[in-house]
Each structure stands twice: as C-alpha cells, then as structure tokens.
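K.L.:
Residues -15 to 109 (the working numbering) are what the sequence shown spells out, left to right. Backbone N, C-alpha and C define an ideal beta-carbon position, used for all residues, glycine too. Below is a structure I'd like to ask you about.
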Amino acid sequence: MGPAWRTDLEQRCAGHATDVERDAETFFTTDIPALLGWRFGADDAGRVTPPVLYIGGSDSGPWFAEVRQLLLRWLPRAEEMVLAGADHSLAITHAAPLAAALADFLSRHPLGPDPPPNKDITPRK
C-alpha cells in the first residue's frame, strides 16, 4: 500500500490502522501461505465463463502490472479498468471511481439466479 498507508487509511477510515496491525499476524501466518499454495493457471482460466472485470491501479507497481497482463491474456474477454494514480489500496483511496466502474460493469452484466457452483475452479494443493 505504500509508505503512507497509515495516513491514507486513517484519513478515510479512522481507527482502522489499529485493525491492520492487529490482523497482520493472521495475514502473514495464514493468508499468505494459503495464497502461495493456491494454483490457478491458463487451463483454469479457460473454464471461466461469466463476465470478468479486472480493476487495478496505475501505481500498483511492476508485479501487479505483470499479473494484470497475464490475467488479461488468460481471460481475453475480460474488461479492464486501470484507475490513474491508484495503488494496491485503491478501494480506500479511489472509492468513488471504483464504485462507478463496478456500477457500470454490473449494469451491463446484471446478476441472474445463482448458477451451480463451478467445481472445476477450486484451490489445489
């Protein structure tokens, strides 16, 4: 989120920096290992049939830019929205343009009845 994460968060969500600090241990000991153990590749992406919207920030850094390019290659029908000046904390720092992008996407792709679960796209060990 960058060196100003605490200030950015506190300006928009007072008191939440304490929550981040409290939850950091869980993030590093549980969430990160789970993410590293999850596998999702081109074959998995090829089975994705619903509309997809990729939203990222222009200032998220080279790793996220590479991930964005890879996902868009795997999901050629996906729509892309890159929020100028946003980084990984775009939901906090760019809430209004993020909400507008989501509203636009969902207005063009309304949600219908719940489809059956896609058993092909599950975390693998």
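(1) What are the uninterrupted segments assigned as alpha helix (DSSP H) that are 4 or more residues long and contained completely in the region 31 to 97, given in chain order?
(2) Using DSSP with H/G/I as helix, E/B as strand and the rest coil, what is Trp(-11)?
(3) Which two residues bound the contiguous alpha helix (DSSP H) that contains Asp15?
(4) Roughly how many angstroms lie between the CA atoms of Pro46 and Leu82, to the nearest whole one?
(5) Could you have a look at Gly(-1) and say whether DSSP puts it in helix, strand or coil?
(6) Can you have a look at Ile16 and say buried or exposed, based on whether 16 or more other CB atoms are within 10 angstroms of its CB?
(7) Might you give, ordered along the chain, the residues of its own chain that have their beta carbon closer than 6 Å to the beta carbon of Met65, omitting 5 neighbours on each side?
P.N.:
From the atom records:
(1) 46 to 58, 74 to 77 and 79 to 92
(2) helix
(3) No alpha helix (DSSP H) contains Asp15, which DSSP labels as neither H nor E.
(4) 21 Å
(5) coil
(6) exposed
(7) Ile39 and Ala85
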